[in-house]
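So the structure is just underneath, and the comments pick up after that.
Residue numbers (this note's numbering): 1240 to 1817.
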């Protein structure tokens, strides 16, 4: 072997050792860098003329197990979904309060309903007490207010989810742009013969951020370019980025129609099943609307039951006028049978005049208005808002109604109930339920009495049957079983208002506990895979330190070859001179 060949071999060994030490030093420096994988120098023996001529560095590679990486990315998607579900479940549970209907904090909807029942029970003992009427109305208002506020909170959470979808889509688009740029750099580096390991680490990190937000499929081409699509096959990245478009709604309400998450005009909302975005879609479109449906069912049944009962009564003394809640027109057909009593009273509730109206003789709402106007001391009309208004012509007198055997409409309601003349509650759902606006400032208008429906009444005598009966009936309403239709996760059921509310709250608590358990499980699986990938692809400081010591010895040995060559050259030169 010639001196030149030996020098070439020693030089290549020095270069290879030096580069390997640089790579190991970089490994140590980046041991705590997120997404960094251990790099190693790939070497091969150089052969010239059939004889070894040194060592050649062919590449700097990243030690990434692609199968473990794929598992980790899938786990990141599952964890993103579980974390989001747990976050919203906890927020919803906080809005609904505790699961017990009699908890000390009094924050749950069930507890507020129980407090209303207690207030009505107290009123039933002394129905003439304006103080107890006020307390009962305040308790009823508290229930209505909590239903509205909870409904508003549910819609607020839906709006939060919708805006978070928009933010997450923006993050995905940014990551796709980053990967597209890294694809170009990797292809160019491969063409130059440069290492692409660090660029691939950056690309894997960007891909990981995407999979945490939504489930995707990906592969790498022979040129080193990464291609990404949704799990259903819609392309997100090929030779260019296919930007995902989405704009959040300004606000969310029960009837809000949200725009589509789209790629190139195609709706991909239904293709996103996992990740943060998948969970946000599920919360916005399924979980939270189900809770809203439960709240609406509770509110609607409460409105129906309370108003049906309150319309059998009247305030004591009666008010000077009654305004219905139902929207009607004079031409509307009136399907009615039986008799309704209309009475005018003085300011003390004593009878001034009464008349019984045979409803079966009336064909339209206009006919009813005419019949009411024919009663002495009574004025009736349909307001510009389409509401039936019945008033005493003398504003110092009162007007009271009593159904004797009246049946109006398909629900066979009484006349007052059909038109909503003595409603306690307004609205149709949890979104708009409220106590009738004129009641709270004037609790004496609470209908806890009933018009006497005896065969005959005497002018100047009390016209009202003032007793604890109606107040007791209102109190009993909250201990009686109510029929609730299927809503959300609660099937058709007969139970009390408080128990239905407790079930609603309890279901939310159960979902929150389940979501927390699922999040912990997904986190554990993710951490285990992350640890496995780190063990297989990450930097082990002890190994890298030992590797550097080994490389230093190799470098020193290669350097000694040069010393031997120099000594041999000097010996030859001395021999030649002599």
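No residue lacks a Cβ here, since even glycine has one placed at the ideal position from N, Cα and C. Owing to the predicted nature of the structure, the values given are computational and were not obtained by experimental measurement.
Along the beta strand (DSSP E) that carries residue i, what are the first and last residues, could you check?
{"i": "residue 1593", "result": "1590-1597"}
{"i": "residue 1639", "result": "1637-1642"}
{"i": "residue 1485", "result": "No beta strand (DSSP E) contains residue 1485, which DSSP labels as neither H nor E."}
{"i": "residue 1721", "result": "1721-1723"}
{"i": "residue 1459", "result": "1455-1459"}
If you reduce the DSSP assignment to three classes, tell me which class residue i lands in.
{"i": "residue 1500", "result": "coil"}
{"i": "residue 1663", "result": "coil"}
{"i": "residue 1328", "result": "helix"}
{"i": "residue 1475", "result": "strand"}
{"i": "residue 1465", "result": "strand"}
{"i": "residue 1658", "result": "helix"}
{"i": "residue 1511", "result": "coil"}
{"i": "residue 1743", "result": "helix"}
{"i": "residue 1506", "result": "strand"}
{"i": "residue 1340", "result": "Note on residue 1340: pLDDT 42, under 50, position unreliable in the model; the coordinate value appears next. Residue state, collapsed to three classes: coil."}
{"i": "residue 1560", "result": "strand"}
{"i": "residue 1732", "result": "strand"}
{"i": "residue 1821", "result": "This structure leaves residue 1821 out entirely; the chain is present only between 1240 and 1817."}
{"i": "residue 1690", "result": "strand"}
{"i": "residue 1604", "result": "helix"}
{"i": "residue 1567", "result": "coil"}
{"i": "residue 1553", "result": "strand"}
{"i": "residue 1323", "result": "helix"}
{"i": "residue 1275", "result": "coil"}
{"i": "residue 1751", "result": "helix"}
{"i": "residue 1305", "result": "helix"}
{"i": "residue 1470", "result": "coil"}
{"i": "residue 1626", "result": "coil"}
Just mark residue i as buried or exposed, buried being the case when its beta carbon has 16 or more other beta carbons within 10 Å.
{"i": "residue 1213", "result": "Residue 1213 lies beyond the range of the chain shown here (1240 to 1817); nothing can be said about it."}
{"i": "residue 1401", "result": "buried"}
{"i": "residue 1458", "result": "exposed"}
{"i": "residue 1453", "result": "buried"}
{"i": "residue 1680", "result": "exposed"}
{"i": "residue 1372", "result": "buried"}
{"i": "residue 1462", "result": "exposed"}
{"i": "residue 1812", "result": "exposed"}
{"i": "residue 1525", "result": "exposed"}
{"i": "residue 1761", "result": "buried"}
{"i": "residue 1650", "result": "exposed"}
{"i": "residue 1792", "result": "exposed"}
{"i": "residue 1393", "result": "buried"}
{"i": "residue 1309", "result": "exposed"}
{"i": "residue 1383", "result": "buried"}
What are the partner residues of residue i, as DSSP defines its beta bridges?
{"i": "residue 1701", "result": "1589"}
{"i": "residue 1631", "result": "1617"}
{"i": "residue 1580", "result": "1595 and 1641"}
{"i": "residue 1575", "result": "1647"}
{"i": "residue 1673", "result": "1665"}
{"i": "residue 1480", "result": "1476"}
{"i": "residue 1726", "result": "1729"}
Please list, in chain order, all residues of the same chain as residue i whose beta carbon is under 7 Å from its beta carbon, the five residues on each side excluded.
{"i": "residue 1758", "result": "1321, 1322 and 1325"}
{"i": "residue 1633", "result": "1616"}
{"i": "residue 1466", "result": "1457, 1458, 1460, 1476 and 1477"}
{"i": "residue 1610", "result": "1596 and 1601"}
Would you give the residue range spanned by the alpha helix (DSSP H) that residue i belongs to?
{"i": "residue 1708", "result": "1708-1716"}
{"i": "residue 1528", "result": "1527-1549"}
{"i": "residue 1359", "result": "1348-1364"}
{"i": "residue 1370", "result": "1369-1431"}
{"i": "residue 1448", "result": "1436-1452"}
Just to confirm my understanding: we take residue i, look at its own chain, exclude 5 residues before and 5 after, and list those with CB closer than 6 Å. What are they?
{"i": "residue 1359", "result": "1375, 1713 and 1714"}
{"i": "residue 1340", "result": "The predicted position of residue 1340 is uncertain, since its pLDDT is 42 and thus under 50; a value taken from the coordinates is nonetheless stated next. Hits under 6 Å: 1349, 1350, 1353, 1737 and 1741."}
{"i": "residue 1806", "result": "none"}
{"i": "residue 1518", "result": "1320, 1323 and 1324"}
{"i": "residue 1474", "result": "1468 and 1481"}
{"i": "residue 1683", "result": "1369"}
Looking only at its chain, what residues have a beta carbon closer than 8 Å to the beta carbon of residue i, apart from the 5 residues adjacent to it on each side?
{"i": "residue 1624", "result": "1566"}
{"i": "residue 1343", "result": "The predicted model places residue 1343 with a pLDDT of 44, which falls under 50 and marks its position as unreliable, so this point remains unresolved."}
{"i": "residue 1640", "result": "1553, 1561, 1579, 1580, 1581, 1582, 1629, 1654, 1655, 1660, 1661 and 1690"}
{"i": "residue 1515", "result": "1319, 1320, 1322, 1323, 1403, 1407, 1451, 1452 and 1453"}
{"i": "residue 1389", "result": "1334, 1335, 1348, 1534 and 1669"}
{"i": "residue 1396", "result": "1327, 1330, 1331, 1334, 1522 and 1527"}
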